[in-house]
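The next block holds one structure in the form of structure tokens; read it before the comments.
2 protein chains.
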Amino acid sequence: MKAVVLFSGGKDSALTTLLLEPFFDQLELITFSFGQDQAWKVAASVAGQLGHPHKRIVFDKSVLDEALKILLSMGRPNDALNYVHSVAVETLAQECEFVADGTRRDDMAPKMSYEDIRSMEDRLRMQYLRPLGGLGGKTIRIMASEYLEFEEYLSEKYPASDFEVGLRYALIERHGQKEVDRIFPKNHTHTKVVRRKRFVQEIERKKDQAC
Amino acid sequence: MKAVVLFSGGKDSALTTLLLEPFFDQLELITFSFGQDQAWKVAASVAGQLGHPHKRIVFDKSVLDEALKILLSMGRPNDALNYVHSVAVETLAQECEFVADGTRRDDMAPKMSYEDIRSMEDRLRMQYLRPLGGLGGKTIRIMASEYLEFEEYLSEKYPASDFEVGLRYALIERHGQKEVDRIFPKNHTHTKVVRRKRFVQEIERKKDQAC
């Protein structure tokens, strides 16, 4: 059984991967990129550290155009983040029944409503997995620390390849730093996984009586 | 690091346990009981199968009184389920910083609002973990099946020790089958884990470079 994971190279999508590992025969880590910045290479390298195959998918140019249009008109990032996230999830749903991401309980965006999730699952005959959807930020940090070394950087340093990092980069390229300062919060950070500290693996199958 | 898990002996709280296993040094599985029915013994036996210590806690008599009062006045189970669930979680929060349960994305009750969760976490200085909070029913069934054999029974057979099973039992005892038929849905089922099929364990700690 295979699942694909929307993967930035940060601690959240990496912890998502670790949580799912024991339950799926194959995980493929997918990083979406807008095609300009090189942050997806960080994600590819972290995927290698975690021990899973990685793929980069470049969004169609129209997706970036639309996302920038939403950013500029709304003046805040949430709607644009929700838009690119839903395009990414629906793109993956064409390939794989199980599509996971690292969105957290406390995240404001990207965030799909319960109704939208159920509708997407029914429409595309897929299952959308948010293994961090019931966990708070402190719990996630502690659980991730058990297996991962990670560092925190300002998002403007492009530490990993999440949608916010990518949109900031594209916005600067086309519209300059002033628009980024207007639309995105200051001091937003993203983590970057440095290495995996240990592995969990199945060591025995007890066919009869467990314990 | 220790976490306690609200545990019924069904597949949801068992999968919750399996998801957390690699991340906590110690898990203790806790079953709350209203003191009359013996369904908690099923949970204790399943906990043994899973390989974790188990504890039964009997609710204070006033909790059952209050829950039955809510059931009878509301004429539907959700508010009573939310009430006993919050008493259980807050009781565990006195003992342990990390309190987990097997409530699912698609569950209607028990279900705490986001605001109530954050308020409880701040007030009691604890972390509330819902590892199934971002997973749909089909995904949960498939993931649980990787490690667990489980069977499904009508809740009126008291297959495991969840709050609905316990409240149905107490309601029959005090107010008769007619009130159960009025208040609870017909054909509600609960799963009971039969055995654990396999174990996942850490096999190596790679101190330096992983992969």
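Residue numbers (our numbering), protein chains in the order written: chain A, 1 to 211; chain B, 1001 to 1211. Don't be surprised by glycine CBs; every beta carbon is placed ideally from N, CA and C.
Just to check, is the beta-carbon of residue i closer than 7 Å to a non-hydrogen atom of the ligand HEM?
i	result
arginine 1125 (chain B)	The ligand HEM is absent from the structure shown, which contains no ligand whatsoever.
Tell me, to the nearest whole angstrom, how far the beta carbon of residue i is from that of residue j; I am working on the premise that it is less than 8 Å.
i	j	result
valine 1087 (chain B)	valine 1063 (chain B)	5 Å
leucine 20 (chain A)	alanine 100 (chain A)	6 Å
leucine 1135 (chain B)	leucine 129 (chain A)	6 Å
threonine 1007 (chain B)	histidine 1085 (chain B)	As written in the sequence, residue 1007 (chain B) is phenylalanine, which differs from the threonine given in the question. Rounded, the Cβ-Cβ distance is 13 Å, inconsistent with contact.
leucine 132 (chain A)	isoleucine 140 (chain A)	6 Å
arginine 168 (chain A)	glutamate 156 (chain A)	6 Å
histidine 1190 (chain B)	glycine 1010 (chain B)	5 Å
glutamine 49 (chain A)	glutamate 97 (chain A)	Not quite, the Cβ-Cβ distance comes to about 27 Å (not below 8 Å), so this is no contact.
tyrosine 158 (chain A)	aspartate 25 (chain A)	That belief does not hold up - the Cβ atoms of tyrosine 158 (chain A) and aspartate 25 (chain A) are roughly 33 Å apart, past 8 Å.
isoleucine 172 (chain A)	proline 77 (chain A)	Actually they are not in contact, since the Cβ atoms of isoleucine 172 (chain A) and proline 77 (chain A) sit about 14 Å apart, beyond 8 Å.
alanine 1160 (chain B)	lysine 1186 (chain B)	The pair is not a contact, with the Cβ atoms about 19 Å apart (cut-off 8 Å).
glycine 1137 (chain B)	alanine 1039 (chain B)	With a Cβ gap of about 22 Å, glycine 1137 (chain B) and alanine 1039 (chain B) do not count as contacting.
arginine 198 (chain A)	tyrosine 147 (chain A)	6 Å
isoleucine 30 (chain A)	lysine 55 (chain A)	5 Å
glutamate 1179 (chain B)	leucine 1072 (chain B)	7 Å
glutamate 1028 (chain B)	valine 1046 (chain B)	About 14 Å separates the two Cβ atoms, so there is no contact after all.
tyrosine 124 (chain A)	glutamate 95 (chain A)	Inspection of the sequence shows that residue 124 (chain A) is occupied by leucine rather than by tyrosine. Wrong, their Cβ atoms sit about 11 Å apart, outside the cutoff.
Chain A partners of residue i, CB-CB under 7 Å?
i	result
methionine 1143 (chain B)	Phe23
arginine 1076 (chain B)	Here the premise fails: no neighbours, minimum Cβ distance about 20 Å.
Can you tell me which residues form a DSSP beta bridge with residue i?
i	result
glutamate 1028 (chain B)	B:Val1004
threonine 1189 (chain B)	B:Leu1154
lysine 55 (chain A)	A:Ile30
arginine 1182 (chain B)	Beta-bridge pairing links arginine 1182 (chain B) to no other residue.
arginine 195 (chain A)	A:Glu149
At 9 Å on the CB atoms, spell out the chain B contacts of residue i, in chain order.
i	result
phenylalanine 235 (chain A)	Outside the displayed span of chain A (1 to 211) sits residue 235 (chain A), for which this structure offers no information.
Taking residue i as the query, report the chain A residues whose CB atoms sit under 9 Å from its CB, ordered along the chain.
i	result
arginine 1105 (chain B)	Tyr114, Ile117, Arg130, Gly133 and Gly134
With 8 Å set as the bound, which would you pick, yes or no: does the beta-carbon of residue i sit closer than that to a beta-carbon of chain C?
i	result
threonine 31 (chain A)	Among the chains of the structure shown, chain C does not appear; the protein chains present are A and B.
Subject >> Interface residues of the region 119-141 of chain A facing chain B [CB-CB below 9 Å] >> reply: Glu121, Gln127, Tyr128, Leu129, Arg130, Pro131, Leu132, Gly133, Gly134, Leu135, Gly136, Lys138 and Thr139
**OP:** Could you name the residues of the region 146-161 of chain A whose beta carbon sits closer than 7 Å to any beta carbon of chain B, in the order they occur along the chain?
**Re:** Glu146
Original post:
Taking a cut of 7 Å between CB atoms, which residues from the region 1015-1047 of chain B lie near chain A?
Top reply: So the list reads Leu1019, Pro1022 and Phe1023, given in the order they occur along the chain.
Original post:
Taking only runs of the beta strand (DSSP E) that begin and end inside the region 88-173 of chain A, which ones reach a length of at least 3 residues, in chain order?
Top reply: 98-100, 127-129 and 148-154
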